[in-house]
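Chains D and W supply the protein sequences, listed in that same order. To convert a position in the first sequence, counted from 1, into my numbering, add 567. To convert a position in the second sequence, counted from 1, into my numbering, add 1029. Heads up, the beta-carbon is just placed ideally off N, CA and C, and yes, glycines get one too. Worksheet: the structure to be examined is printed underneath.
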Amino acid sequence: MSVLLGHVGTALVVVGALVLALAGVGLLRLPDLYTRASAVTTASGLGVGLVLVGVLLHHPSLGNTVKVVLAVVVQLTTAAVGGYAIARAGYLTGVPLAKRTRYDELGAVVRTARGGPERPGRRRRPGRRRGRG
Amino acid sequence: MILIDLAIVLVALSLLAAVVRLVRGPSDADRGLAGDLVFFGFVALVALVGLRADSEVVFDVVLVATLVGFLASLSIARLVTGGKR
Chain D
568 MSVLLGHVGT ALVVVGALVL ALAGVGLLRL PDLYTRASAV TTASGLGVGL
618 VLVGVLLHHP SLGNTVKVVL AVVVQLTTAA VGGYAIARAG YLTGVPLAKR
668 TRYDELGAVV RTARGGPERP GRRRRPGRRR GRG
Chain W
1030 MILIDLAIVL VALSLLAAVV RLVRGPSDAD RGLAGDLVFF GFVALVALVG
1080 LRADSEVVFD VVLVATLVGF LASLSIARLV TGGKR
């Protein structure tokens, strides 16, 4: 039983490391900040979670289970929070979107909130600033 | 055991990719994102090395690291926007 758990744990550890390596590939190869943020947050949450559960299956006990479950839940939650904060900061400082981006719905909202009531003379058509295609 | 070594190498490659993005990254937010991945990879690396060394102490280390890890991301986000929200 314990040997079987160990094999399953090793498999989970390797799969989690593969997911983390894929996060690295995505960080290198994807075209802009927002797709990279998507790759890093989702893949790192999943990868670290799989690695932790795999390590737990090698040392199964009640205390370790409590620790790992808490760590995985916190990891899945906070990885999303951190990635969202960084991508939002990038958007607010004007990091450009990829050429392939089709919809920029946040852009119209941000421009209205910033330039609307303060500079009423300069009206722009929404959604055309960054270009498309 | 060789599979655990393989996993360690994979995580190390991921860290290497993050460092490349840290050096090249066109914006500060890219660098913050790369630092994020370095942190997560390091957490996984601590767990894997603990598994390799047959130690159970790493569960506490990993729990604390995941509890406080996102504060670094939030701080970097604040730094990128220059203190504004």
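- Counting only runs of 4 or more residues that sit fully inside the region 608 to 661 of chain D, the alpha helix (DSSP H) segments are 629 to 659, in chain order.
- In chain order, Ala654 place their CB closer than 6 Å to the CB of Tyr601/D, counting only its own chain and leaving out the 5 sequence neighbours on each side.
- In chain order, Leu1032, Ile1033 make up the part of chain W whose C-beta sits under 7 Å from the C-beta of Thr577/D.
- The Cβ atoms of Gln642/D and Gly661/D do not sit closer than 9 Å to each other.
- DSSP places Ala1082/W outside any alpha helix (DSSP H), giving it a letter other than H or E.
- Taken atom to atom, the span from the alpha-carbon of Val575/D to that of Leu624/D is near 7 Å.
- Between the region 1030 to 1045 of chain W and the region 1073 to 1086 of chain W there are three or more C-beta pairs closer than 8 Å, enough to call the two in contact.
- Ranked by how close their Cα comes to the Cα of Arg667/D, the residues Leu597/D, Gly649/D, Gly593/D, Gly621/D have Leu597/D in first place.
- With a beta-carbon spacing of about 5 Å, Ala638/D and Leu1092/W fall inside the 8 Å limit used to define contacts.
- Here Gly650/D is near Ser605/D, since their CB atoms are less than 9 Å apart.
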